[in-house]
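**Student:**
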Amino acid sequence: MGNGPELAGQVALVTGAGAGIGRAIAYALSEAGAQVAVSDIDLEAARRVASEISAATALTLDVTSAESAARAVTEAEATLGPLDILVNNAGVSTMNRIEDLTPEEWDFNFDVNAKGVFVVTRAALPGMIARRAGCIVNTASMAGKKAVPLLAHYAASKWACIGFTVSAAVELGPYGIRVNCVCPGYVETSMQERELVWEAGLRGVSPEEVAEGYIRLTPLGRMETPEDVARVVRWLCSPQAAFVTGAAVDVTGGSHLT
Ligand SMILES: NC(=O)c1ccc[n+]([C@@H]2O[C@H](COP(=O)([O-])OP(=O)(O)OC[C@H]3O[C@@H](n4cnc5c(N)ncnc54)[C@H](O)[C@@H]3O)[C@@H](O)[C@H]2O)c1
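Per our numbering, residue 7 is the first one in the sequence shown, and the count goes up by one each step.
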């Protein structure tokens with residue numbers, strides 16, 4: 007391995023890259039030398055991120071739509087070249103007690119967090135299989151490995167994401183395609199801002215008290231940043247991780263253990 011950026015010449019598509027963790031992943035992969043298709047359901051947000059980083063293009067991609075996924079993969083490959091890396095990062099959450107949870111809320115979480123990972127992976131696969139190479143990283147969650155009250159539906163969708171990741175790793179390994187996921191903890195993003203308010207309302211405390219509780223549950227003693235996650239995604243995409251597949255890497259400051 008030389009001293010140049012480890013992803014030089016590679017093409018990456020990142021979903022949900024208009025904000026939060028996806029934005030940080032787009033930055034990190036670009037810093038590592040990759041050309042990045044910054045995609046989001048919110049095209050304006052994707053455009054803002056793409057304009058901030060070099061060697062990037064912005065795309066609309068709603069991960070719940072197979073048609074949108076096919077169009078985005080075609081557009082990314084036409085603009086930047088064959089996809090080497092796919093990061094299925096887009097995700098949503100809502101918070102509710104199970105007895106108050108609606109089937110629509112369940113479907114909303116599953117459509118993006120579980121089905122969305124499959125839909126975009128399927129769109130990217132024919133090219134990766136033909137080229138006998140590819141790297142897929144999914145943003146799961148520590149909620150995909152542990153019990154999370156008030157987020158049972160979200161947790162179930164992330165357990166599904168991890169189940170898909172490990173099964174895909176076994177099925178696609180013979181094509182030289184690696185499939186891994188990261189499992190973040192309490193990350194400072196707009197998703198977390200919304201969750202702090204919801205959880206505070208449901209538990210009858212202040213959002214600040216909820217945030218302090220998250221930090222108390224984190225052995226490394228601070229809130230996680232999007233960059234904490236992005237650095238690990240960058241590593242999973244790099245040649246350093248060439249023999250890593252089917253891993254669900256905890257990036258939580260230890261909060262997955264508490
Ligand atoms: N924030 C956390 O604490 C945390 C912890 C663990 C895992 N995660 C996961 O990390 C990922 C990113 O979360 P975040 O905190 O950055 O959230 P965020 O809400 O800040 O950003 C999510 C982005 O995804 C986009 N998006 C939403 N629905 C989409 C769809 N159907 N198609 C394409 N894009 C869509 C949004 O427009 C937004 O730009 C998610 O999968 C989330 O579940 C977050």
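Even glycine gets a Cβ: it sits at the ideal position worked out from N, Cα and C.
Along the alpha helix (DSSP H) that carries Gly10, what are the first and last residues, could you check?
**Tutor:** For the purposes of this step, residue 10 is identified with residue 4 of the sequence shown, where counting begins at 1. Where Gly10 is concerned, there is no enclosing alpha helix (DSSP H), given that its DSSP letter is neither H nor E.
**Student:** I'd like to confirm the pairing. Which residues does DSSP put opposite Ala64 in its beta bridges?
**Tutor:** Position 58 of the sequence shown, counted from the first residue, corresponds to residue 64. DSSP output for Ala64 lists Val44 as bridge partner(s).
**Student:** How many Å lie between Arg53 and Gly259 at the Cα?
**Tutor:** The count along the sequence shown starts at 1 and reaches residue 53 at position 47. The count along the sequence shown starts at 1 and reaches residue 259 at position 253. Computed Cα separation, rounded: 31 Å.
**Student:** Do you know offhand how far Ile162's Cα is from Thr195's?
**Tutor:** Position 156 of the sequence shown holds residue 162. Position 189 of the sequence shown holds residue 195. Here residue 162 is Ala; the residue named in the question, Ile, does not match the sequence. Rounded to whole angstroms, Ala162 to Thr195 spans 21 Å at the Cα level.
**Student:** Here's the rule I'm using: 16 or more other beta-carbon atoms within 10 Å means buried, otherwise exposed. How should Pro232 be labelled?
**Tutor:** What you label residue 232 is simply residue 226 of the sequence shown in a count that begins at 1. Buried, because 16 or more other Cβ atoms sit within 10 Å of the Cβ of Pro232.
**Student:** Cα-Cα, which of Gly210, Pro132, Thr224 is closest to Tyr181?
**Tutor:** Here residue 181 corresponds to residue number 175 of the sequence shown, with the count starting at 1. Nearest C-alpha to Tyr181: Pro132.
**Student:** Any contact of the region 171 to 180 with the region 250 to 257, i.e. 3+ C-beta pairs under 8 Å?
**Tutor:** Counting Cβ pairs under 8 Å, three or more are found: they touch.
**Student:** What did DSSP end up calling Arg184 once you bin it into helix, strand or coil?
**Tutor:** As a first step, residue 184 must be located in the sequence shown, where it is residue number 178. Strand at Arg184.
**Student:** For Asp48, is the beta carbon positioned less than 6 Å from some heavy atom of ligand 1?
**Tutor:** Working through the sequence shown from its first residue, we reach residue 48 at position 42. Flag set: Cβ of Asp48 near ligand 1.
**Student:** So, does the region 116 to 130 touch the region 76 to 96, judging by three or more C-beta pairs under 8 Å?
**Tutor:** Touching, yes, given that three or more Cβ pairs across the two stretches are closer than 8 Å.
**Student:** Using DSSP with H/G/I as helix, E/B as strand and the rest coil, what is Val238?
**Tutor:** Here residue 238 is taken as the residue at index 232 of the sequence shown, counted from 1. Three-state DSSP puts Val238 in a helix.
**Student:** Quick one: which unbroken beta strand (DSSP E) runs of 3-plus residues sit fully inside the region 125 to 205? Chain order, please.
**Tutor:** Counting whole runs of 3 or more residues, the region 125 to 205 contains the beta strand (DSSP E) stretches 140 to 145, 183 to 190.
**Student:** Could you check the C-alpha separation between Arg103 and Glu111 for me, to the nearest Å?
**Tutor:** By one-based count along the sequence shown, residue 103 stands at place 97. By one-based count along the sequence shown, residue 111 stands at place 105. Each residue's Cα considered, the two are about 11 Å apart.
**Student:** How long is the line joining the alpha carbons of Ala34 and Ala247, rounded to whole angstroms?
**Tutor:** Along the sequence shown, one-based indexing puts residue 34 at 28. Along the sequence shown, one-based indexing puts residue 247 at 241. C-alpha separation (whole angstroms): 16 Å.
**Student:** Going straight from the alpha carbon of Glu177 to that of Ser74, what length do you get?
**Tutor:** Translated into positions along the sequence shown, residue 177 becomes position 171. Translated into positions along the sequence shown, residue 74 becomes position 68. Glu177 and Ser74: Cα-Cα distance of roughly 25 Å.
**Student:** Kindly indicate the opening and closing residues of the beta strand (DSSP E) around Val257.
**Tutor:** Locating residue 257 in the sequence shown gives position 251, where the first residue counts as 1. Element bounds for Val257: 254 to 257.
**Student:** Express the C-alpha separation of Ala166 and Asn186 in angstroms, rounding to a whole number.
**Tutor:** To locate residue 186, count along the sequence shown from 1; it is residue 180. To locate residue 166, count along the sequence shown from 1; it is residue 160. Those two C-alpha atoms are separated by around 13 Å.
**Student:** According to DSSP, simplified to helix, strand and coil, what is Val69?
**Tutor:** If you number the sequence shown from 1, residue 69 lands on position 63. Coil, per DSSP.
**Student:** Could you tell me the boundaries of the beta strand (DSSP E) in which Val93 lies?
**Tutor:** On the sequence shown, position 87 is the one that residue 93 refers to. Looking at the DSSP string, the run of the beta strand (DSSP E) that includes Val93 is 91 to 94.
**Student:** Taking the beta strand (DSSP E) that Leu19 falls in, what are its first and last residues?
**Tutor:** Taking the sequence shown and counting its residues from 1, one reaches residue 19 at position 13. Its beta strand (DSSP E) spans residues 17 to 20.
**Student:** Between Ala78 and Leu86, is the Cβ-Cβ spacing less than 7 Å?
**Tutor:** In the sequence shown, residue 78 corresponds to position 72, counting from 1. In the sequence shown, residue 86 corresponds to position 80, counting from 1. No, these two residues do not count as a Cβ contact at 7 Å.
**Student:** So, does the region 224 to 240 touch the region 20 to 29, judging by three or more C-beta pairs under 8 Å?
**Tutor:** Result yes; three or more Cβ-Cβ pairs closer than 8 Å.
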